[in-house]
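Have a look at the structure below before the remarks.
Protein chains: 2
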Amino acid sequence: MANNDLRKRIKEVAVEHFNKDGYYGTTIRNIANEVNCSLPMIYYYYKSKKELFDDIIKKEFFDIIKKQTSKLKMDNVIDFYTRFIYDLNNLSDYDKKVYRLGIKVYLSFDGDEELMNLMDEWEKTIMPRHYQLLEPYLKNTDNKTAVVRTLVHLLETMIENIVVKNRYLPENEIREEIAIVLKDCE
Amino acid sequence: MANNDLRKRIKEVAVEHFNKDGYYGTTIRNIANEVNCSLPMIYYYYKSKKELFDDIIKKEFFDIIKKQTSKLKMDNVIDFYTRFIYDLNNLSDYDKKVYRLGIKVYLSFDGDEELMNLMDEWEKTIMPRHYQLLEPYLKNTDNKTAVVRTLVHLLETMIENIVVKNRYLPENEIREEIAIVLKDCE
DNA sequence: CTTCTTATTTAACGTTCGTTAGTATTGTAA
DNA sequence: TTACAATACTAACGAACGTTAAATAAGAAG
Chain D
234 MANNDLRKRI KEVAVEHFNK DGYYGTTIRN IANEVNCSLP MIYYYYKSKK ELFDDIIKKE
294 FFDIIKKQTS KLKMDNVIDF YTRFIYDLNN LSDYDKKVYR LGIKVYLSFD GDEELMNLMD
354 EWEKTIMPRH YQLLEPYLKN TDNKTAVVRT LVHLLETMIE NIVVKNRYLP ENEIREEIAI
414 VLKDCE
Chain P
234 MANNDLRKRI KEVAVEHFNK DGYYGTTIRN IANEVNCSLP MIYYYYKSKK ELFDDIIKKE
294 FFDIIKKQTS KLKMDNVIDF YTRFIYDLNN LSDYDKKVYR LGIKVYLSFD GDEELMNLMD
354 EWEKTIMPRH YQLLEPYLKN TDNKTAVVRT LVHLLETMIE NIVVKNRYLP ENEIREEIAI
414 VLKDCE
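Each protein sequence line maps, in turn, to chains D and P.
When the letters of the first sequence are read in order and numbered with this note's numbering, they come out as residues 234 to 419.
When the letters of the second sequence are read in order and numbered with this note's numbering, they come out as residues 234 to 419.
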C-alpha cells in the first residue's frame, strides 16, 4: 500500500536535498530523517545514492523536457514562444526543482560524465528543432540561423530565471523580449 | 620565499577542485595531494575550507568582475558589446574557472547564504549600469527598458557559454546576436 | 493458525572527512 | 653559532559518511 508512496516520497525529498546541497553535500541520513523512515529503507528502494540521483535526472527531468517539447503547436510565433516560457511559471514545485537539478547537471555543476553525455545529446536537438519550427515564419530575414540562435539563447536565460533563480516572469516581459528578437515575424 | 607561491598554488588548485566537485565534493586532502604539500599546510594559509572557498569568491571572482566592468568605454554600441563578450574567450584558464565558480554561486548551486547575498547585491547593479550606457543610443526606441533587459539576458547566455560550458564563441556570431537585439542602434 | 513474502528496523562495518596538537625543518638576524 | 620566527610535516582526533548484515514486524495466501 504505502509501497510506492514511500519510494516516491524518498525521491521528492532527494530532489530537494540534491538541489540545495549538491550530490556530495546530500547525505542518505538527511534524506531518511526528513522522510521519517530509517536509513536502510533508501537502499530498499534504490540500489545506491548514485542510482537515486541518476533516476531523478534520467526519468523525472527528461520526462518534463519531453512533456514540454511535445506541446509544439504553432499559430502565432510570438504568442507560442511567450506561452512556452510563461507556462514554466506554473510548474509544480517538484517539477521546478527537478528541472533546476537538470540544468545544474546540464551546466556540469553536478552529476557525472554519463549524465553530461545525455545532456549533450539532448542539447544538440534544440537548435534544429527551433529552426524547423521558425523557418516558415522567417521569410523576410536574411540571416535565419542567427535569429534562431539568438532566440534560443534568450529562451535559455528566461528558463534559468524562472526555474533556477525561482523568479516569476510576467507574460508581458516575456513577450517584449521575444518580440524584439522575432521582430520580423509579427 | 615560497611564502606566497604556495598560498597562491593552493588557491589555484582549490578553484579547480571546487569547480569540478563542488564545495562538499572537494576535500582538503585532494587539494594538498595535487599541490604536493602536506595537509596541514592548507590550514597554515587558510583558516578553514570555508574561508578558502569564500576567499576565491570574494576576492578573485569579484576582482574579475570589477576588471571587466571597468573597461566601459563606448564608441559604437554593437562593437562595444561584441568586444565585451568576445574578450571573455581570452581569459586565462584560472580566471575562467574562477568566473565559472562565481556563476555557480550566483545561481546558488554552491556556496552559502552570505555569498548569495553578495551576488544579489551585485546583480542589482547590472541592469541600471547597462541602461545608463545604452540610453543615449536608444533614441528611436519606444520601449528602452525591454531592449536593455533583452540584451542583458542575451549577454548572460553568451557569458555562460564561454565561461561555464567552456566554449569558444566566434566574434561574428556574437555580433550577429547583439545586432539583432540592438537593431536600432546601428 | 501457519507459511511465505514484503516492508522495516537496529546496529554496525570500514572509510573518509575537517581539523588540530605536537614536532621537526628551514631561513634569518644577532 | 646561537636564538627565534616562519614554514613544514607526522600522526591522530572525533565525527560523519555510504553501505550492509541480521533481525524484526506486517500482510497476504493456504
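A virtual CB, placed ideally from N, CA and C, is assigned to each residue, including glycine.
Check: Please list the terminal residues of the continuous alpha helix (DSSP H) segment that includes VAL338 of chain P.; Outcome: 326-339
Check: Contact between the stretch 282-291 of chain P and the stretch 378-387 of chain P: three or more CB pairs below 8 Å?; Outcome: no
Check: Less than 8 Å between C-beta atoms, sequence neighbours within five positions excluded: which residues of the same chain meet that for TYR278 of chain D?; Outcome: LEU239, ARG240 and ILE243
Check: Just to make sure I have the definition right: I need the residues of chain D whose C-beta is within less than 7 Å of the C-beta of ASP288 of chain P. Which are they?; Outcome: What ASP288 of chain P touches in chain D: nothing, since even the nearest Cβ is about 20 Å away.
Check: For the stretch 318-330 of chain P and the stretch 391-401 of chain P, state whether three or more C-beta atom pairs, one from each stretch, are separated by less than 8 Å.; Outcome: yes
Check: For chain P, find out if any of its Cβ atoms is closer than 7 Å to the Cβ of LYS337 of chain D; answer yes or no.; Outcome: yes
Check: For HIS250 of chain P, go through chain D and note every residue whose CB falls closer than 8 Å to its CB, in chain order.; Outcome: Within 8 Å Cβ-Cβ: nothing; HIS250 of chain P doesn't reach chain D, min ~11 Å.
Check: Assign MET307 of chain P to one of two classes, buried (16 or more other C-beta atoms within 10 Å of its C-beta) or exposed (fewer than that).; Outcome: exposed
Check: Measuring only the C-alpha atoms, how far is LYS299 of chain P from MET352 of chain P?; Outcome: 13 Å
Check: For MET234 of chain D, count neighbouring Cβ atoms within 10 angstroms of its own Cβ and tell me buried if that reaches 16, exposed if not.; Outcome: Because MET234 of chain D sits at a pLDDT of 38, beneath the cut-off of 50, its placement in the model cannot be relied upon, and the following sentence gives the value as read from the coordinates. Burial call: exposed.
Check: Report the residue from P:LEU371, P:ASN237, P:ASP417 and P:ASN405 whose alpha carbon sits nearest the alpha carbon of TYR319 of chain P.; Outcome: P:ASN405
Check: In three-state terms, what does DSSP make of THR259 of chain D?; Outcome: coil
Check: Which stretch, first to last residue, makes up the alpha helix (DSSP H) that contains GLU303 of chain D?; Outcome: Reading the sequence as shown, one finds Ser at residue 303 of chain D and not Glu. Taken as a continuous stretch (DSSP letters only), the alpha helix (DSSP H) holding SER303 of chain D covers 295-303.
Check: Using C-beta distances below 7 Å, list every residue in its chain close to ILE343 of chain D, excluding the 5 sequence neighbours before and after it, in chain order.; Outcome: According to the sequence provided, residue 343 of chain D is Asp. The question's Ile does not apply to it. If we look at ASP343 of chain D and ignore the five residues flanking it on each side, its Cβ neighbours are GLY255, TYR256 and LYS337.
Check: For TYR401 of chain D, does the count of other Cβ atoms within 10 angstroms reach 16, so buried, or fall short, so exposed?; Outcome: exposed
Check: Between TYR257 of chain P and chain D, is any beta-carbon pair separated by less than 7 Å?; Outcome: yes
Check: Distance check for THR315 of chain P and LEU348 of chain P, CA to CA, integer angstroms please.; Outcome: 30 Å
Check: Please work out which residues of its chain come closer than 6 Å, Cβ to Cβ, to VAL268 of chain D, disregarding the five sequence neighbours upstream and downstream, and give them in chain order.; Outcome: ARG242, ILE243 and VAL246
Check: Along the chain, where does the alpha helix (DSSP H) containing GLU409 of chain D start, and where does it finish?; Outcome: 404-414
Check: Applying the criterion that 16 or more other CB atoms from any shown protein chain within 10 Å of the CB defines a buried residue, is LEU388 of chain D buried or exposed?; Outcome: buried
Check: Taking only beta carbons into account, state which residues of the stretch 380-393 of chain P come closer than 8 Å to chain D, listed in chain order.; Outcome: VAL380, ARG382, THR383, HIS386, LEU387, GLU389, THR390, MET391 and GLU393
Check: Does any residue of chain D bring its CB to less than 7 Å from the CB of ILE318 of chain P?; Outcome: no
Check: Using only the alpha-carbon positions, how far apart do ASP326 of chain D and TRP355 of chain D sit?; Outcome: 23 Å
Check: On a CA-only basis, which of P:ILE392, P:ALA412, P:ASP417 and P:HIS250 is nearest ASN322 of chain P? Give me that one, please.; Outcome: P:ILE392
Check: Does ASN322 of chain D come out as helix, strand or coil in the three-state DSSP assignment?; Outcome: helix
Check: Would you kindly work out how many angstroms separate the C-alpha atoms of THR260 of chain D and PHE286 of chain D, rounded to a whole number?; Outcome: 12 Å
Check: Using a beta-carbon distance below 7 Å, is MET234 of chain D in contact with chain P?; Outcome: Because the pLDDT of MET234 of chain D is 38, which lies under 50, any placement of that residue in the model is unreliable, and the number read from its coordinates should be weighed accordingly. No - not a single Cβ of chain P is within 7 Å of the one on MET234 of chain D.
Check: Looking at chain P, is there any beta carbon in it that lies within less than 7 Å of the beta carbon of GLU368 of chain D?; Outcome: no
Check: Do you know offhand how far PRO273 of chain P's Cα is from SER341 of chain P's?; Outcome: 29 Å
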